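Q:
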Amino acid sequence: MNSSLFFRIIVIVAGSFLLLLTFYMYAKRKLTDSIALGWALFSAVIIMAGAIRAWSGWSRALALASYPMVFSVSGLIILIIFRHSIHLSLMIMKNQELAMHVSLLNQENEEIIKRLRRMEQEMSQMRETVPAAVPGGGADGQGAAEVAEG
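Residue numbers for the sequence shown follow our numbering, beginning at -3 and rising by one.
What follows is the structure, given as structure tokens:
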């Protein structure tokens, strides 16, 4: 087995692993739709770069001794970026959830304010009718006691 074929197989395996990892993280709701789609397309390009001979011609330019270092560095960079995209997806989902909570709280706040205004109107109507019905009545509440004594 020549080194070029070995390199191509490793690239196909790495792309397949990244594709499976992307689907797994999407299924676990750790990636949003658009970010998962981007990683799936990137994984497909990696797989095709290893599978299509014309796309993997650059692999013959690498020396056999440099393969472990190339795979280590590029794999580490890809996994770091993947991890950051997971964190970004989680923050996007939490931001959407918080926006929904804020919307619900604003709606509830508006309902409470409407109820409060209605109660204030009812209280002002009650204050207007109480002094007219009870002589000497007012806000101090002694008008009813005076009527009872008199």
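Ideal placement from N, C-alpha and C gives every residue a C-beta, glycine not left out. Predicted model only: the values in this text are computed from it and were never measured.
Around the Cβ of residue 75, are there at least 16 other Cβ atoms within 10 angstroms (buried) or fewer (exposed)?
A: Burial call: exposed.
Q: Classify residue 28 as helix, strand or coil using the three-state DSSP reduction.
A: DSSP places residue 28 in coil when its eight states are reduced to three.
Q: What three-state label does DSSP hand residue 74 in the structure shown?
A: Helix at residue 74.
Q: Run through DSSP, which three-state label would residue 48 get?
A: Looking at residue 48 - three-state DSSP - the assignment turns out to be coil, as it is neither helix nor strand.
Q: What would DSSP say about residue -2, mapped onto helix, strand or coil?
A: If DSSP states are grouped into helix, strand and coil, residue -2 belongs with coil.
Q: Nearest by alpha-carbon distance to residue 28: which of 42, 40, 91 is it?
A: Considering only alpha carbons, the answer is 91.
Q: Taking its Cβ as the centre, do 16 or more other Cβ atoms sit within 10 Å of residue 3, making it buried, or is it exposed?
A: That one is buried.
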